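J.: Structure below; questions to follow.
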Amino acid sequence: MDPVERLTSGFERFKKEAYEENPDLFSQLAAGQSPKFMVFACADSRVCPSVVLDFQPGEAFTVRNIANIVPPYDQTKYSGVGAAIEYAVLHLKVEYIVVMGHSSCGGIKGLMSIKEDGTTSTDFIEEWVKICLPAKEKVVAEHAASSFADQCTQCEKEAVNVSLENLKTYPFVSDGLEKTTLKLIGAHYDFVAGSFETW
């Protein structure tokens, strides 16, 4: 199928099955959005959070990047992520921030494959996933006897924990946690087993 035709037919299907079935929802959304969830998910084409978690338009403010990583607070770097968190927490007043890892994550496999001397072979990818080096170090220390595939699975979950801790370095997030207006949720989606776990 022609790529433009694929986009057009996809929109027509959405229009018929979603838009025309619930026009009131879209009229309400024109006035503004008030999602309860902010979701960090991987850019991986197999794990679209709106599909996996059945979010409807207006339900989730979503950020997708390589390996669903949240970097620590730093006004000199990663401003796209920082701006999204700030907007979600201070302006949209989301109640939950979810970091959702997933099975067979290429970003995590890349992290686990970084050489011990720290040398990299990509312009952006390895420097980005290095944000979660503490996850790799923990997995290597605690699961040294496990296969590389099992270590990657463990790291997918530990990297979520690193991101959850990094979220706490944002003043507006830590303030929301202290006031109990905000909650952090870790999650892992296994698209092979069809399972989803949270913590």
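For the sequence shown, our numbering assigns the number 1420 to the initial residue and increments by one for each residue that follows.
Glycine included, C-beta positions come from ideal geometry on N, C-alpha and C.
The structure presented is a predicted model; accordingly, all values stated were derived computationally and were not measured.
1) I need the boundaries of the alpha helix (DSSP H) containing phenylalanine 1445, first residue and last residue.
2) Use the C-beta contact count for glutamine 1494: other C-beta atoms within 10 angstroms, 16 or more gives buried, fewer gives exposed.
3) What do you get for valine 1470, buried or exposed, if any count of 16 or more other CB atoms within 10 angstroms of its CB means buried?
4) Check this for me: beta carbons of alanine 1578 and isoleucine 1527, under 8 Å apart or not?
5) In terms of DSSP beta bridges, what is tyrosine 1515 paired with?
6) Does any C-beta atom of chain D lie closer than 8 Å to the C-beta of lysine 1496?
7) I need the straight-line Cα distance from methionine 1457 to glycine 1529, nearest angstrom please.
8) Under 7 Å Cβ to Cβ from lysine 1555, same chain only, skipping five residues before and after it: list those, please.
9) Between which two residues does the alpha helix (DSSP H) harbouring valine 1548 extend?
10) What are the boundary residues of the beta strand (DSSP E) that serine 1614 is part of?
11) Where does aspartate 1421 sit, in a helix, a strand or coil, going by DSSP?
12) Which same chain residues, not among the five before or five after tryptophan 1547, have their C-beta less than 6 Å away from its C-beta?
13) Does the distance from the CB of proline 1491 to the CB of asparagine 1580 come in under 8 Å?
14) Could you check the C-alpha separation between tyrosine 1515 and serine 1428 for me, to the nearest Å?
15) Measure the C-alpha to C-alpha separation of lysine 1557 and glutamine 1475 and round it to an integer number of angstroms.
16) Compare the Cα-Cα distances from phenylalanine 1480 to each of Lys1455, Glu1535, Ser1464, Asn1487 and report the closest residue.
17) Which first and last residues belong to the alpha helix (DSSP H) in which alanine 1502 is found?
18) So what does asparagine 1484 bridge to, in DSSP terms?
19) Among residues of its own chain, excluding the 5 on either side of arginine 1465, which ones have a beta-carbon nearer than 6 Å to its beta-carbon?
T.: Once the coordinates are examined:
1) Here residue 1445 refers to the residue found at position 26 when the sequence shown is read from its first residue. Unbroken alpha helix (DSSP H) run through phenylalanine 1445: 1442-1449.
2) The count along the sequence shown starts at 1 and reaches residue 1494 at position 75. Glutamine 1494 should be labelled exposed.
3) On the sequence shown, residue 1470 is found 51 positions in, with the first residue counted as 1. By the neighbour-count rule (16 or more Cβ atoms within 10 Å), valine 1470 is not buried but exposed.
4) Here residue 1578 is taken as the residue at index 159 of the sequence shown, counted from 1. Here residue 1527 is taken as the residue at index 108 of the sequence shown, counted from 1. Closer than 8 Å, so yes.
5) Numbered from its first residue, the sequence shown carries residue 1515 at position 96. DSSP lists Phe1456, Lys1602 as partners of tyrosine 1515.
6) Looking at the structure shown, chain D is missing, and only one protein chain is on hand.
7) Counting from 1 along the sequence shown, the entry for residue 1457 is found at position 38. Counting from 1 along the sequence shown, the entry for residue 1529 is found at position 110. Looking at the two C-alpha atoms, the distance is approximately 26 Å.
8) As a working mapping, residue 1555 is identified with position 136 in the sequence shown. So the qualifying residues of the chain are Leu1530, Met1531, Cys1574.
9) By one-based count along the sequence shown, residue 1548 stands at place 129. Element bounds for valine 1548: 1544-1548.
10) If you number the sequence shown from 1, residue 1614 lands on position 195. 1614-1617 is the extent of the beta strand (DSSP E) around serine 1614.
11) In the sequence shown, the residue the question calls residue 1421 occupies position 2. Aspartate 1421 falls in the coil class under three-state DSSP.
12) Mapped onto the sequence shown, residue 1547 falls at position 128. Cβ neighbours of tryptophan 1547 beyond the five flanking positions: Ile1485.
13) In the sequence shown, residue 1491 corresponds to position 72, counting from 1. In the sequence shown, residue 1580 corresponds to position 161, counting from 1. Taking 8 Å as the Cβ cut-off, proline 1491 and asparagine 1580 do not qualify as a contacting pair.
14) Along the sequence shown, one-based indexing puts residue 1515 at 96. Along the sequence shown, one-based indexing puts residue 1428 at 9. Looking at the two C-alpha atoms, the distance is approximately 34 Å.
15) Reading the sequence shown from its first residue, position 138 is the one you call residue 1557. Reading the sequence shown from its first residue, position 56 is the one you call residue 1475. Cα to Cα, the separation comes out at about 37 Å.
16) As a first step, residue 1480 is located in the sequence shown; it is residue number 61 there, counting from the start. Nearest option by C-alpha distance: Lys1455.
17) Stepping through the sequence shown from its first residue, residue 1502 is reached at position 83. Run containing alanine 1502: 1498-1505, per the alpha helix (DSSP H) assignment.
18) Here residue 1484 is taken as the residue at index 65 of the sequence shown, counted from 1. Paired residue(s): Cys1461.
19) Counting from one through the sequence shown, the residue named residue 1465 turns up at place 46. The residues are Phe1610.
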